[in-house]
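**Student:**
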Amino acid sequence: MRKKDYKAIISLLVIITAVWYVFYDLYPSEITDLSTQSKEFSTLRAFEHVKNIGNEPHYIGSDSHNSKRNYIVNELEKMDLQVQTQQGFVLSKKGVLTAPENIITRLEATDSSPNSKALLLLSHYDSAVHSSPGASDAASGVAAILEAVRAFKASKPSFQNDIIILFSDGEEVGLSGAELFAKEHPWINEVGLVLNFESRGSGGPSNMIVETNYGNSKLIELFGESQGHHPLANSLMYSVYKLLPNDTDSTVFREIADVPSFFYAFIDDHFDYHTALDTPSRLDKGSLAHQGDYLMSSLEGFSNTDLSNLTSQQDQVYFTVTGLGLFHYPFSGVWFIYAVAFAIFIFILIYGLKTKSLTRKEIFLGFVPWLLSLLLSGLLIYFAWPLLLQIYPEYSSILQGFPYNGHDYIVVFVAFTLFLVFSIYQFFDHRLNPKNAMIAPLITWFIVLFLLNIFLKGAAFFIIPLFFTLFAFFLMVRFQVPSYLFLLILILPSLSIIAPFIQFFPVGLGLKTGVVSAVFTVLLFGNLLPIFGYFSIKKGVATLALLVAIGFFIKAHLSSGFDVTQPRPNSLVYALDSSTDTAHWFTYDDELDSWTSPYFKEAKDLTASLDYQSKYSSAYTKSSIADLKAIPSSQIQVDTLEPSSFRFKKFRIQLDYQRNINRIVVSEATKANFESFTVNGVTADFYDANDEGSSHIHTNRFQKNIIDYYVVNQVPLSFEFEVDKTQPVEFTFKEISFDLLSHPLFSVKERPEDKIPKPFIVNDAIITHQSLNL
103 MRKKDYKAII SLLVIITAVW YVFYDLYPSE ITDLSTQSKE FSTLRAFEHV KNIGNEPHYI
163 GSDSHNSKRN YIVNELEKMD LQVQTQQGFV LSKKGVLTAP ENIITRLEAT DSSPNSKALL
223 LLSHYDSAVH SSPGASDAAS GVAAILEAVR AFKASKPSFQ NDIIILFSDG EEVGLSGAEL
283 FAKEHPWINE VGLVLNFESR GSGGPSNMIV ETNYGNSKLI ELFGESQGHH PLANSLMYSV
343 YKLLPNDTDS TVFREIADVP SFFYAFIDDH FDYHTALDTP SRLDKGSLAH QGDYLMSSLE
403 GFSNTDLSNL TSQQDQVYFT VTGLGLFHYP FSGVWFIYAV AFAIFIFILI YGLKTKSLTR
463 KEIFLGFVPW LLSLLLSGLL IYFAWPLLLQ IYPEYSSILQ GFPYNGHDYI VVFVAFTLFL
523 VFSIYQFFDH RLNPKNAMIA PLITWFIVLF LLNIFLKGAA FFIIPLFFTL FAFFLMVRFQ
583 VPSYLFLLIL ILPSLSIIAP FIQFFPVGLG LKTGVVSAVF TVLLFGNLLP IFGYFSIKKG
643 VATLALLVAI GFFIKAHLSS GFDVTQPRPN SLVYALDSST DTAHWFTYDD ELDSWTSPYF
703 KEAKDLTASL DYQSKYSSAY TKSSIADLKA IPSSQIQVDT LEPSSFRFKK FRIQLDYQRN
763 INRIVVSEAT KANFESFTVN GVTADFYDAN DEGSSHIHTN RFQKNIIDYY VVNQVPLSFE
823 FEVDKTQPVE FTFKEISFDL LSHPLFSVKE RPEDKIPKPF IVNDAIITHQ SLNL
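Following this note's numbering from start to finish, the sequence shown increments by one per residue and tops out at 876.
1) Taking only the alpha-carbon atoms, compute the straight-line gap between residue 535 and residue 578 and give it to the nearest angstrom.
2) Which stretch, first to last residue, makes up the beta strand (DSSP E) that contains residue 754?
3) Go ahead and pull the three-state DSSP assignment for residue 302.
4) Measuring CB to CB, does residue 542 end up less than 8 Å from residue 469?
5) Which first and last residues belong to the alpha helix (DSSP H) in which residue 440 is found?
6) Should residue 314 go down as buried or exposed, given a rule of 16 or more other Cβ atoms within 10 Å for buried?
7) Ordered along the chain, which non-local residues of its own chain (more than five positions away) have a Cβ less than 7 Å from that of residue 759?
8) In this structure, does DSSP put residue 227 in helix, strand or coil?
9) Where does the unbroken beta strand (DSSP E) through residue 394 begin, and where does it stop?
10) Just checking my contact of residue 672 with residue 692 at CB under 8 Å: how many whole Å lie between their CB atoms?
11) DSSP state of residue 233, grouped into three classes?
12) Quick check on this structure: which residue in 391, 808 and 173 has the alpha carbon closest to the alpha carbon of residue 833?
13) Please confirm whether residue 390 and residue 245 have their CB atoms less than 8 Å apart.
14) Taking its Cβ as the centre, do 16 or more other Cβ atoms sit within 10 Å of residue 151, making it buried, or is it exposed?
15) Going by C-alpha distance, which of 514, 439 and 323 is nearest residue 429?
16) Scan the region 322 to 356 and note each continuous alpha helix (DSSP H) run of 4 residues or more that stays entirely inside, going in chain order.
17) With residue 547 as the anchor, note down where its alpha helix (DSSP H) starts and where it stops.
18) What does a CB cutoff of less than 6 Å around residue 454 pick up in its chain, not counting 5 residues either side in sequence?
19) Use the C-beta contact count for residue 256: other C-beta atoms within 10 angstroms, 16 or more gives buried, fewer gives exposed.
20) With burial defined as no fewer than 16 other Cβ atoms inside 10 Å of the residue's Cβ, what is the status of residue 407: buried or exposed?
21) What do you reckon, are the CB atoms on residue 120 and residue 639 nearer than 8 Å?
22) Could you tell me the boundaries of the beta strand (DSSP E) in which residue 819 lies?
23) Which whole-angstrom value describes the C-beta separation of residue 616 and residue 483, a residue pair presumed to lie in contact below a C-beta threshold of 8 Å?
24) Residue 659: buried (16+ other C-beta within 10 angstroms of its C-beta) or exposed?
25) Taking buried to mean at least 16 other C-beta atoms within 10 Å of its own C-beta, is residue 252 buried or exposed?
26) When DSSP labels each residue in this structure, what does residue 220 get in the three-state scheme?
27) Smallest Cα separation from residue 182: which of 159, 209 and 845?
28) Return the CA-CA distance between residue 636 and residue 396, expressed in angstroms with no decimal places.
29) Quickly, what does DSSP pair residue 270 with across the bridge? List them, please.
30) Give every residue of the same chain whose Cβ lies closer than 8 Å to the Cβ of residue 707, excluding the five residues on either side of it in the sequence, and list them in chain order.
31) Could you check if residue 374 is buried or exposed, using at least 16 other CB atoms within 10 Å of its CB as the buried criterion?
32) Closest to residue 334 by CA distance: which of 634, 364 and 316 is it?
33) Exposed or buried, residue 418, counting other C-beta atoms within 10 Å across all chains shown (16 or more means buried)?
34) Hey, quick one: how far does the beta strand (DSSP E) through residue 418 stretch, first residue to last?
35) Quick check: the Cα distance between residue 850 and residue 843, rounded to an integer number of angstroms?
36) For the pair the region 618 to 632 and the region 500 to 510, tell me if three or more CB-CB distances fall below 8 Å.
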């Protein structure tokens, strides 16, 4: 073996080790146990709370929901805190109605300063409807706050800002508890900053995202002062988050109360999100420890920081680097930094051409392998996921788009991309000097960064590792044989800043974004060309990458089926239409299994959309005729009221339940616009009448649904409305109960252990339909 082969192998091992450490250091590996000092955060003490809260479904309106609330109240009272609850009906602009019951307490400042603002710690305690125990989402957030507050109090601190603790209710059905607090609680005017703890999976590092109506400059500076030991935040996620229709409790505080937030959430193992698998045993304790790390740093810092004026007109570009923490600079500086980097590039290019270290012919030739690498990897990985769905149609039953073996496929995508890139560059090895090959990826980066500076300025920080790559490029041009050691050091920032994005996008958004991983892999390869370009073992690395891709594909194939540890999501619904005296079984599943197939022996395929809210717009796929069961519908009481004008007619409608109901969906077929609308004492918020382009659930209507009521304590649904007296109204009432598997009139067996209820839909439900025309 030649000496340069040894250098290449050692460099490859260093790069692999560096990548491993980048991911290893994203969040804590140490899990503090029950013997941890009382004034320190103990992950296992927090986990005890997770086990007590997240051990069973406790969605709003369920019996277990009340017991979890009592548990949390008791734990707060053990800390000698005065606890209050806040309950009331909330009607969102999307028509979601429920009566959340928030849990609220506060720690009074020991050294209160004039005009100081309070720090609010926030997490929701309800689980997703109807089968998720919610251990990660968001018992982990509740548990982290309980343990952090206990440790903070035990340290007997001196602090100047009050600390309000809010465990909100009804987050999963429409952010209702946060809206109730933001609109009606007197303490809202005292809040200066919210720290919201959430999850969108059961593991992985926790990302910090900012919620603000203004620039983020002061908030990022504040976060930098109390960022913890493993900060993970970047302005790309911030910019993308603002473009997407993401709603959290933090959104409510920003929109209604103009209060900014730091929103902390972990998103890995996305397949557990909102499912029956969101149990304590599947929660990554490292993720819980990461939330605790953020909390302890924040409590120490933010409780003694002026929170009264966090508004700013300026945004910051920010990012974190492994082992070094947060870096940030103003948006206003991105073009200057870009210009400096581009000037350095032009200088090196001219210098190289003048000294004949670079040649025009090879520079142009360098675009061939580079563009081939980008196009081939991008296209192949783009079509890989649709192809996988054809080979493994069962993956479509996991609505999150990230199957149980999703991490294996990320490795396949990345390894196959590396196989393509190394193979292509190996083909050009004897015709293309690495220094000339550098021009194509550098120009590509400058084009990408130019576009990002215009359309997605939060991603401008990718120019920082480019500076180090430019320095490496200069060494390549200046010296005939540049030092491998220096080149290795100069590529480390690229590994630290870019490598995590290869995994983040498919984990958070599903394997349909695997093409993003491929593109990031090629772009990172371009930054590593100062090392890879001199590799004498390109063919060997390509072969190794191909073997890794094949190996992990085989691993993914062997784990592609469903079993007890990877159960199949499925669905079954019984619907009774009282107006036609007909009943049907429905499912959302594309493929029937042993549990659902007995109900669909003569199935009819369906394509119609539904009136129920669904995160992924799921609709029934199959139906079959069912036996009529004596399931009573509510008695509908209609009262005619005095209208506000002779031009209108006014009614009151009340539903008196004849069975236990969990949810009621009321729709109106004509899409009549209401002059006034009040439900259970809450008046609908109407948009500004002058804004003709705005749409609303009750006026300028865009959908048939007008009420989506998550029933609490079996309180009847009662609503009043006014409408043009010539306007007919056609109501449909769908009453839903989640007792299909336990109702005495049915003999639906419990699911086998290798199956779970499909999330994000109305499932395991008995639904009755009835109509009313006025």
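Backbone N, C-alpha and C define an ideal beta-carbon position, used for all residues, glycine too. No experiment lies behind these values; they were computed from the predicted model shown.
**Tutor:** Looking at the atomic coordinates:
1) Within the sequence shown, numbered from 1, the residue matching residue 535 stands at position 433. Within the sequence shown, numbered from 1, the residue matching residue 578 stands at position 476. One Cα belongs to residue 535, the other to residue 578, and the distance between them is close to 10 Å.
2) Within the sequence shown, the letter at position 652 stands for residue 754. Where residue 754 is concerned, the enclosing beta strand (DSSP E) stretches over 750 to 758.
3) The residue given as residue 302 occupies position 200 in the sequence shown. Coil at residue 302, not helix or strand.
4) As a first step, residue 542 must be located in the sequence shown, where it is residue number 440. As a first step, residue 469 must be located in the sequence shown, where it is residue number 367. Between residue 542 and residue 469, the C-beta spacing is below 8 Å.
5) Taking the sequence shown and counting its residues from 1, the one referred to as residue 440 is at position 338. Looking at the DSSP string, the run of the alpha helix (DSSP H) that includes residue 440 is 436 to 456.
6) Working through the sequence shown from its first residue, we reach residue 314 at position 212. Buried, since its Cβ has 16 or more Cβ neighbours within 10 Å.
7) Residue 759 sits at position 657 when you count from the first residue of the sequence shown. Leaving aside the five residues that flank residue 759 on each side, the residues in its chain whose CB is nearer than 7 Å to its CB run, in chain order, 736, 816 and 818.
8) In the sequence shown, the residue the question calls residue 227 occupies position 125. Of the three classes helix, strand and coil, the one that applies to residue 227 here is coil, per DSSP.
9) In the sequence shown, the residue the question calls residue 394 occupies position 292. Premise fails: residue 394 lies in the alpha helix (DSSP H), 387 to 404, not in any beta strand (DSSP E).
10) Residue numbering aside, residue 672 sits at position 570 when the sequence shown is read from its first letter. Residue numbering aside, residue 692 sits at position 590 when the sequence shown is read from its first letter. No, residue 672 and residue 692 are not in contact; Cβ-Cβ is about 10 Å, not under 8 Å.
11) Here residue 233 refers to the residue found at position 131 of the sequence shown. When secondary structure is reduced to three states using DSSP, residue 233 falls in the coil class, being assigned neither helix nor strand.
12) In the sequence shown, counting from the first residue as 1, residue 833 sits at position 731. Answer by Cα proximity: 808.
13) Start at 1 with the first residue of the sequence shown, and residue 390 comes out as number 288. Start at 1 with the first residue of the sequence shown, and residue 245 comes out as number 143. Yes, the Cβ-Cβ distance between residue 390 and residue 245 is below 8 Å.
14) What you label residue 151 is simply residue 49 of the sequence shown in a count that begins at 1. Residue environment: residue 151 is assigned as buried (16 or more neighbouring CB atoms within 10 Å of its CB, all protein chains considered).
15) Taking the first residue of the sequence shown as position 1, residue 429 is located at position 327. For the residues 514, 439 and 323, the minimum Cα distance to residue 429 belongs to 323.
16) The qualifying runs are 337 to 345.
17) Working through the sequence shown from its first residue, we reach residue 547 at position 445. Residue 547: member of the alpha helix (DSSP H) spanning 541 to 557, first to last residue.
18) Position 352 of the sequence shown, counted from the start, is the residue given in the question as residue 454. Answer for residue 454: 460 and 579, listed in chain order.
19) Here the question's residue 256 lines up with position 154 in the sequence shown. So residue 256 ends up on the exposed side.
20) One-based indexing of the sequence shown puts residue 407 at position 305. By the neighbour-count criterion, in which a residue is buried when 16 or more other Cβ atoms sit within 10 angstroms of its Cβ, residue 407 is buried.
21) By 1-based counting over the sequence shown, the position of residue 120 is 18. By 1-based counting over the sequence shown, the position of residue 639 is 537. For residue 120 and residue 639, no; Cβs fall outside 8 Å.
22) What you label residue 819 is simply residue 717 of the sequence shown in a count that begins at 1. Going by DSSP, residue 819 is part of the beta strand (DSSP E) stretching over 819 to 826.
23) On the sequence shown, residue 616 is found 514 positions in, with the first residue counted as 1. On the sequence shown, residue 483 is found 381 positions in, with the first residue counted as 1. Rounded, the Cβ-Cβ distance is 5 Å, consistent with contact.
24) As a first step, residue 659 must be located in the sequence shown, where it is residue number 557. Counting other Cβ atoms within 10 Å of its Cβ, residue 659 stays below 16 and is therefore classed as exposed.
25) For the purposes of this step, residue 252 is taken as the residue at position 150 of the sequence shown. The residue in question, residue 252, is buried, as its Cβ has 16 or more Cβ neighbours within 10 Å.
26) As a first step, residue 220 is located in the sequence shown; it is residue number 118 there, counting from the start. In the structure shown, residue 220 falls within a strand segment according to DSSP collapsed to helix, strand and coil.
27) Position 80 of the sequence shown holds residue 182. Checking every option, the nearest Cα to that of residue 182 belongs to 209.
28) To locate residue 636, count along the sequence shown from 1; it is residue 534. To locate residue 396, count along the sequence shown from 1; it is residue 294. If I take the Cα positions, the gap works out to 42 Å.
29) For the purposes of this step, residue 270 is identified with residue 168 of the sequence shown, where counting begins at 1. DSSP lists 226 as partners of residue 270.
30) Counting from 1 along the sequence shown, the entry for residue 707 is found at position 605. For residue 707, same chain residues with a beta-carbon under 8 Å away, outside a window of 5 residues either side, are 723 and 724 in chain order.
31) Numbered from its first residue, the sequence shown carries residue 374 at position 272. Answer is buried; the Cβ neighbour count reaches 16.
32) Reading the sequence shown from its first residue, position 232 is the one you call residue 334. The shortest Cα separation from residue 334 among 634, 364 and 316 belongs to 364.
33) Here residue 418 is taken as the residue at index 316 of the sequence shown, counted from 1. Classification for residue 418: buried.
34) Residue numbering aside, residue 418 sits at position 316 when the sequence shown is read from its first letter. Unbroken beta strand (DSSP E) run through residue 418: 418 to 423.
35) Numbered from 1 along the sequence shown, position 748 holds the residue referred to as residue 850. Numbered from 1 along the sequence shown, position 741 holds the residue referred to as residue 843. Between residue 850 and residue 843, the C-alpha separation is close to 5 Å.
36) No, the region 618 to 632 does not touch the region 500 to 510.
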